[in-house]
Amino acid sequence: MKAVIAVIDRLERWGILVSFAVCLVALTISIATRYIFQRPLTWPDELTTYLFMLMTFLGASASIKNDLELKVDAIYMAFPSLRFLLDLFLNLVRMAAGGTFVYAGVQFMQIEIEMETVTPILQIPTSIIAGMLPFFGILLVIRSLECLRQLIFERGKKGR
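Residue numbering for the sequence shown follows our numbering, beginning at 4 and increasing consecutively.
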């Protein structure tokens, strides 16, 4: 499991970095062609939309690792003795959401493959874009399993 987590860590860091760099270059090209040459290009806008989606999914996965995802801290403050159960519940709900993303994403990909649709400007098969959803779901499930393992391991250490 540690090897899988290490690969995911690397994928998140490099994926976000490369996506951001390509977005920056594409948007610079878009701005330059629009305002300097008076000839706006449309492909950079479409590309940056898909890369922004990818960065969002990778960033959400990375936030789980660093325990930075959005939570209602007031509940933790109000019930400090239930922290273990709340964390357990959070991870189980996150795993269920990840499973839903995988299931719905695969179905959506199948529809897109059957329809052979492509994006309007770049002509990328939309099944590839739709593939981000099950990919994100898998990342959510793996990150949640790792958090559950750490939660249970830490609870076992404290119980001794």
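Glycine included, every Cβ here is placed at the ideal spot set by N, Cα and C.
Among the options, which has the Cα closest to the Cα of residue i?
| i | options | result |
| --- | --- | --- |
| Asn-94 | Arg-146, Val-25, Lys-161, Tyr-38 | Arg-146 |
| Val-21 | Val-121, Gly-134, Leu-50 | Leu-50 |
| Phe-92 | Val-75, Gly-108, Tyr-106 | Val-75 |
| Val-25 | Tyr-53, Met-118, Gln-41, Thr-36 | Tyr-53 |
| Asp-90 | Gly-140, Phe-156, Lys-5, Leu-151 | Leu-151 |
| Ile-132 | Phe-55, Ser-84, Ile-155, Val-10 | Phe-55 |
| Val-10 | Pro-83, Glu-117, Leu-61 | Leu-61 |
| Pro-47 | Tyr-38, Leu-85, Thr-59, Thr-31 | Thr-31 |
| Gly-159 | Phe-40, Phe-87, Leu-27 | Phe-87 |
Quick check on residue i: buried or exposed, where buried means 16 or more other Cβ atoms within 10 Å of its Cβ?
| i | result |
| --- | --- |
| Thr-211 | The question about residue 211 has no answer here: the residues shown for the chain are numbered 4 through 163. |
| Pro-43 | exposed |
| Ala-77 | exposed |
| Ala-65 | buried |
| Phe-139 | buried |
| Gly-108 | buried |
| Arg-97 | buried |
| Glu-15 | buried |
For residue i, list the residues DSSP reports as bridge partners.
| i | result |
| --- | --- |
| Val-121 | Pro-128 |
Whole-angstrom Cβ separation of residue i and residue j, contact assumed at under 8 Å?
| i | j | result |
| --- | --- | --- |
| Gly-18 | Leu-57 | 7 Å |
| Ile-127 | Val-121 | 6 Å |
| Gly-101 | Leu-143 | 3 Å |
| Glu-157 | Ile-8 | No, Glu-157 and Ile-8 are not in contact; Cβ-Cβ is about 16 Å, not under 8 Å. |
| Ile-67 | Val-105 | Contact doesn't hold; Cβ gap of about 16 Å is too wide. |
| Thr-45 | Ile-124 | 5 Å |
| Met-112 | Ser-130 | 5 Å |
Checking contacts by CB at 8 Å: is residue i closer than that to chain D?
| i | result |
| --- | --- |
| Cys-150 | Absent from the structure: chain D. Only one protein chain is present. |
List in chain order: all unbroken alpha helix (DSSP H) runs of 4+ residues lying wholly within the segment 29-102.
-> The segment 29-102 contains these whole alpha helix (DSSP H) runs: 46-68, 76-81.
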